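Q:
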Amino acid sequence: MAYCSKCGQKLEEGDAYCPNCGTRMKNIDTNAEHKNRPNINMDLQVLAKIFINMFVKPVTTAKNFINSGRKNTTIILTVFTVVVNGLLGMWKVNQIVSNINDVAIKFINKIVAMSKIIDPSLGDSLSNSDMNEITAGLAQIKAIIKIPYGQVFVQNCVLILISIVVIFIILCVSNAILSKNKPEVFKFYKTALIIAMPVVYFKFLSIIFSYASVYLGIILALLGLIISLVCFTMSVNESLKISQNHAVFVVSFTVLIVIIVQIACLQKFILSFIASIVESIMYNIKALNL
């Protein structure tokens with residue numbers, strides 16, 4: 001199969017001239033189909049390098065991706081980032097639900113310890129029988145609560161996608177206001193996308209290490225946010241051709257807007273999540289004739 005190198009017209013075998021523009025056969029690129037065909041294996045190899053290097057060399061990798069990232073690679077990376085963030089959100093909710101017994105018992109033990117200050121005759125902590133009763137009660141409560149994991153997945157996907165889109169829009173507007181250069185819209189999107197990677201990386205690590213320590217998990221999540229912010233600050237000029245002084249204001253304003261948008265979305269999502277939980281509880285109570 002051959003294509004015209006001038007107009008891209010599909011040619012039949014034996015054609016001496018392009019039927020569309022009349023280009024002679026000698027100027028026809030017989031390998032055009034192979035050259036234009038997306039190389040999925042190459043894209044996956046590039047993505048693998050981005051995943052590794054974004055962890056060890058985040059700023060350099062971000063700049064390289066902004067300057068040379070291909071369209072196919074960007075699309076795959078977008079889908080990967082959004083889907084993984086959705087899965088991590090489901091995992092985090094499951095982790096919280098699984099640990100609710102330990103959290104409740106620790107909380108009640110603290111209340112008992114504080115009560116002992118008022119009434120010294122009380123015990124220092126819960127007895128084994130008390131703990132068994134609490135565990136059984138929590139198990140009954142968990143049995144009638146159906147966690148809407150599908151909703152959690154979608155909400156986390158939407159949350160990170162909205163953040164990427166907000167950053168992209170702000171970069172476009174900033175270029176129109178502060179720069180006289182021709183806008184490089186695709187670079188703006190790649191900038192918004194690549195700086196989300198550290199957040200996703202460290203969200204994954206945060207969940208893993210939260211099993212050992214909640215505080216360690218929080219620290220890792222904050223570390224991911226800081227690295228993402230640093231990457232944004234140091235790589236924004238790769239797409240947005242403005243002075244460093246202007247870049248500081250653009251980054252600060254962008255972060256502020258993203259935080260406001262995320263808080264607004266989280267408020268809406270949490271209310272929707274709670275409504276789904278209450279609805280599932282009421283449904284199960286009716287089903288059990290309680």
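Heads up: the sequence shown begins at 1 in UniProt numbering, then just goes up one per residue.
Ideal placement from N, C-alpha and C gives every residue a C-beta, glycine not left out.
Fair warning: this is a prediction, and the values are worked out from it, not measured in the lab.
Measure the beta-carbon distance from residue 88 to residue 203 and round it to whole angstroms, keeping in mind my assumption that it falls under 8 Å.
A: Within the sequence shown, residue 88 is the residue found at index 88, counting from 1. Within the sequence shown, residue 203 is the residue found at index 203, counting from 1. Going by Cβ atoms, the distance from residue 88 to residue 203 rounds to 5 Å, so yes, they are a contact pair.
Q: Taking the continuous alpha helix (DSSP H) assigned at residue 183, which residues delimit it?
A: As a working mapping, residue 183 is identified with position 183 in the sequence shown. Careful: residue 183 lies outside any alpha helix (DSSP H) and carries neither H nor E.
Q: Throw me the rounded Cβ distance for the residue 156 and residue 99 pair, which I believe falls under 8 Å.
A: For the purposes of this step, residue 156 is identified with residue 156 of the sequence shown, where counting begins at 1. For the purposes of this step, residue 99 is identified with residue 99 of the sequence shown, where counting begins at 1. No, residue 156 and residue 99 are not in contact; Cβ-Cβ is about 19 Å, not under 8 Å.
Q: Quick check on the burial criterion: 16 or more other C-beta atoms within 10 angstroms. Buried or exposed for residue 68?
A: By one-based count along the sequence shown, residue 68 stands at place 68. The residue in question, residue 68, is exposed, as its Cβ has fewer than 16 Cβ neighbours within 10 Å.
Q: Could you tell me if residue 54 is buried or exposed, where buried requires 16 or more neighbouring beta carbons within 10 angstroms of its beta carbon?
A: Sequence index remark: in the sequence shown, residue 54 carries index 54 (1-based). When all chains shown are included, residue 54 counts as buried.
Q: Do residue 232 and residue 195 have their C-beta atoms closer together than 8 Å?
A: Locating residue 232 in the sequence shown gives position 232, where the first residue counts as 1. Locating residue 195 in the sequence shown gives position 195, where the first residue counts as 1. Taking 8 Å as the Cβ cut-off, residue 232 and residue 195 qualify as a contacting pair.
Q: Taking 8 Å as the threshold (C-beta atoms), are residue 187 and residue 270 in contact?
A: As a first step, residue 270 is located in the sequence shown; it is residue number 270 there, counting from the start. As a first step, residue 187 is located in the sequence shown; it is residue number 187 there, counting from the start. Cβ distance not < 8 Å, so residue 270 and residue 187 don't count as in contact.
Q: Which of the three DSSP states is assigned to residue 72 in this structure?
A: Position 72 of the sequence shown, counted from the start, is the residue given in the question as residue 72. Residue state, collapsed to three classes: helix.
Q: Within the continuous alpha helix (DSSP H) that includes residue 236, where are the two ends?
A: The sequence position of residue 236 within the sequence shown is 236, counting from 1. Looking at the DSSP string, residue 236 is not in any alpha helix (DSSP H), and its letter there is neither H nor E.
Q: For residue 248 and residue 210, I'd like the C-alpha separation in whole angstroms.
A: In the sequence shown, counting from the first residue as 1, residue 248 sits at position 248. In the sequence shown, counting from the first residue as 1, residue 210 sits at position 210. The straight-line gap from Cα to Cα measures roughly 33 Å.
Q: Figure out for me which residue from 235, 201, 238 has the closest Cα to the Cα of residue 221.
A: As a working mapping, residue 221 is identified with position 221 in the sequence shown. Nearest option by C-alpha distance: 201.
Q: In angstroms, rounded to a whole number, what distance separates the CA positions of residue 268 and residue 176?
A: On the sequence shown, position 268 is the one that residue 268 refers to. On the sequence shown, position 176 is the one that residue 176 refers to. Roughly 32 Å between the two C-alpha positions.
Q: Here's a check: name, in chain order, each residue in its chain whose Cβ is nearer than 7 Å to the Cβ of residue 254, leaving out the five neighbours to either side.
A: Stepping through the sequence shown from its first residue, residue 254 is reached at position 254. So the qualifying residues of the chain are 167, 170.
Q: My assumption, with CB atoms under 8 Å, is that residue 280 sits in contact with residue 146. Please give the rounded CB distance.
A: In the sequence shown, counting from the first residue as 1, residue 280 sits at position 280. In the sequence shown, counting from the first residue as 1, residue 146 sits at position 146. Right, their Cβ atoms sit about 4 Å apart.
Q: Can you list, in chain order, the residues of its chain with a C-beta nearer than 7 Å to that of residue 277? Leave out the 5 residues immediately preceding and following it.
A: Taking the first residue of the sequence shown as position 1, residue 277 is located at position 277. Around residue 277: 145.
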